[in-house]
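In terms of numbering that gives the first Met the number 0, the sequence shown opens at residue 0 and continues consecutively. Just so you know, even glycine gets a beta-carbon here, dropped at the ideal spot from N, CA and C. Fair warning: this is a prediction, and the values are worked out from it, not measured in the lab.
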Amino acid sequence: MMQSLFAGVSGLRSHQRRMDVIGNNVANVNTVGFKAARATFQDVLYNTLRGAGAPQNNRGGTNPMQVGLGVQVGSIDTLFTSGNPQSTGV
Numbered sequence: 000m001m002q003s004l005f006a007g008v009s010g011l012r013s014h015q016r017r018m019d020v021i022g023n024n025v026a027n028v029n030t031v032g033f034k035a036a037r038a039t040f041q042d043v044l045y046n047t048l049r050g051a052g053a054p055q056n057n058r059g060g061t062n063p064m065q066v067g068l069g070v071q072v073g074s075i076d077t078l079f080t081s082g083n084p085q086s087t088g089v
């Protein structure tokens, strides 16, 4: 029961971090020279309940039984795409 609550809390924290990145992008959309960012996620370690089974009697094996322990922000990447050209009048 507690593992599922911890997984849910980690998801909410990661989602809040993503919303912070999006909010920063929106707030600075008209700033000259601003480079947007993107949050990527990754799984937290899995708890293995049962290992994989080997093939037997011309049948394939079984996959391991694993329970995920949540998600976390893997990285916040800066997007270095070129912006719109602006005229300097020169």
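Open item on the list: What would DSSP say about Gln71, mapped onto helix, strand or coil?
Closed with: Translated into positions along the sequence shown, residue 71 becomes position 72. The answer is strand: DSSP assigns Gln71 an E or B state.
TODO: Please look up how many angstroms separate the CB atoms of Gln41 and Gln65, rounded, as I've assumed it's under 8 Å.
DONE: The residue labelled residue 41 in the question sits at position 42 within the sequence shown. The residue labelled residue 65 in the question sits at position 66 within the sequence shown. The pair is not a contact, with the Cβ atoms about 15 Å apart (cut-off 8 Å).
Task: Boundaries of the alpha helix (DSSP H) in which Phe33 is found, first to last residue - done: Start at 1 with the first residue of the sequence shown, and residue 33 comes out as number 34. Counting along the chain, Phe33 falls outside any alpha helix (DSSP H), and DSSP gives it neither H nor E.
TODO: Would you mind reading off the limits of the beta strand (DSSP E) that contains Arg49?
DONE: Position 50 of the sequence shown, counting from 1, holds the residue named residue 49. Segment 45–49, the beta strand (DSSP E) holding Arg49.
Task: Inter-residue Cα distance where the pair is Val89 and Gly7 - done: For the purposes of this step, residue 89 is identified with residue 90 of the sequence shown, where counting begins at 1. For the purposes of this step, residue 7 is identified with residue 8 of the sequence shown, where counting begins at 1. In a straight line, the C-alpha of Val89 is about 56 Å away from that of Gly7.
Open item on the list: Taking the straight line between their C-alpha atoms, what separation do you get for Gln90 and Gly32?
Closed with: The question about residue 90 has no answer here: the residues shown for the chain are numbered 0 through 89.
Task: Pairwise C-alpha distance: Thr30 and Ser116 - done: The shown model of the chain, from 0 to 89, leaves out residue 116, and the question about it has no answer.
Open item on the list: Restricting to Cα atoms, I'd like to know which of Gly69, Pro54, Ala36 is closest to Asn46.
Closed with: Mapped onto the sequence shown, residue 46 falls at position 47. Of Gly69, Pro54, Ala36, the residue nearest in Cα terms is Gly69.
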